[in-house]
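Engineer:
Protein chains: 2
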Amino acid sequence: MRRDVFQAIADPTRREIINMIAFKSMNVNSVSENFDVSRAAVYKHLKILTECGLVKIKQKGRERYCEAKLEKLIEVSSWVEQYRKLWTGRLDSLDNYLTDLQIKAKQDGK
Amino acid sequence: MRRDVFQAIADPTRREIINMIAFKSMNVNSVSENFDVSRAAVYKHLKILTECGLVKIKQKGRERYCEAKLEKLIEVSSWVEQYRKLWTGRLDSLDNYLTDLQIKAKQDGK
DNA sequence: AATTTGAGAAACCAAAAGGTTTCATTTACA
DNA sequence: TGTAAATGAAACCTTTTGGTTTCTCAAATT
Chain B
78 MRRDVFQAIA DPTRREIINM IAFKSMNVNS VSENFDVSRA AVYKHLKILT
128 ECGLVKIKQK GRERYCEAKL EKLIEVSSWV EQYRKLWTGR LDSLDNYLTD
178 LQIKAKQDGK
Chain D
78 MRRDVFQAIA DPTRREIINM IAFKSMNVNS VSENFDVSRA AVYKHLKILT
128 ECGLVKIKQK GRERYCEAKL EKLIEVSSWV EQYRKLWTGR LDSLDNYLTD
178 LQIKAKQDGK
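If you read the sequences in order, they're chains B and D. So that you can map any letter, position 103 of the first sequence is 180 in the working numbering, and since no number is skipped, the others follow by simple counting. So that you can map any letter, position 24 of the second sequence is 101 in the working numbering, and since no number is skipped, the others follow by simple counting.
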């Protein structure tokens, strides 16, 4: 069973969960109350998130607080960022190309 | 059928494909030759990548060149980057601090 | 003209994903 | 002490995913 951050954030519900607990930890029930699906379904999402390290659970009494470990997102960040130069470079050259087109159009239009 | 960039990059084979064509476009067969799975399987991955806009196909005779549209990764980038300030610096430890406060408050309030 | 090559698509399959309901266990509390 | 609340987990179901083989078709080659 693949359990990596990329797979974890592929699901929109899980991204919502992360967003929900990013600023403030919440217990499992509180999290699940914010979704239409059952508590069990949300719990499974939370399990996947903890298995890949994006969420840590802290037990307190009968409650368990879910805390987002956002540092884990660095794996995604670094994968994406390695391409940023390529795509901005490409946008730049596209921009130049379009500028050239405009210039040519102006000249032809004279 | 959900077809977004997050879901597209969840699969390691698809991330490899993106990496393979990031610098230089390749036709479908050339791409598939670099994988153990069948051409049909790679083709399906390419289809998913094009459906979400991460790859554009340009026909050239009987060949079709796959070109990475890396700008599409900005969707992932911006989602991740909104959390960067939370995971770096003191805000992250503030979160832990607040979590501890919550827990303590519960205990004290009993 | 006949053959090879690159690609798209259909039919099929096993496993994984995402959901449900139900039940058990532990902790809090009236 | 007995009950409610929070959670974990099992059993089950349907759809999606990732793969296969096979067939077709159009473009290149010989």
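Even glycine gets a Cβ: it sits at the ideal position worked out from N, Cα and C.
Terminal residues of the continuous beta strand (DSSP E) containing Glu144 (chain D)?
Structural biologist: Residues Glu140 to Ala145.
Engineer: Per DSSP, Met103 (chain D) forms a beta bridge with which residues?
Structural biologist: Answer by DSSP bridge pairing, in chain order: D:Cys143.
Engineer: Would you call the stretch 149-158 of chain B and the stretch 107-114 of chain B touching, i.e. three or more CB-CB distances under 8 Å?
Structural biologist: No, they do not touch.
Engineer: Using a Cβ cut-off of 9 Å, pull out every chain D residue sitting near Ala83 (chain B), in sequence order please.
Structural biologist: Correcting the residue type first, residue 83 (chain B) is Phe in the shown sequence and not Ala. Residues of chain D passing the Cβ test: Phe83, Ile86, Ala87, Asp88, Pro89 and Arg92.
Engineer: Using only the alpha-carbon positions, how far apart do Glu128 (chain D) and Glu148 (chain B) sit?
Structural biologist: Each residue's alpha carbon lies about 30 Å from the other.
Engineer: So what does DSSP say about Gln136 (chain D), is it helix, strand or coil?
Structural biologist: Strand at Gln136 (chain D).
Engineer: Is any beta-carbon of chain B found at less than 8 Å from that of Arg80 (chain D)?
Structural biologist: Chain B contact via Cβ: absent.
Engineer: Mind checking if Leu163 (chain D) is an interface residue toward chain B, Cβ cutoff 8 Å exclusive?
Structural biologist: With 8 Å as the cut-off, Leu163 (chain D) counts as an interface residue toward chain B.
Engineer: Can you confirm whether Ala99 (chain B), when its beta carbon is compared against all beta carbons of chain D, has any partner nearer than 8 Å?
Structural biologist: With 8 Å as the cut-off, Ala99 (chain B) counts as an interface residue toward chain D.
Engineer: Does the stretch 93-100 of chain B come within contact of the stretch 87-97 of chain D, defined as at least 3 CB pairs closer than 8 Å?
Structural biologist: No, because fewer than three Cβ pairs between the stretch 93-100 of chain B and the stretch 87-97 of chain D fall closer than 8 Å, the two stretches do not touch.
Engineer: What residue range does the alpha helix (DSSP H) around Arg91 (chain B) cover?
Structural biologist: Start and end: Pro89 to Ile98.
Engineer: Against chain B, with Cβ distances strictly below 8 Å, would Glu148 (chain D) count as a contact?
Structural biologist: Yes, Glu148 (chain D) counts as interfacial toward chain B.
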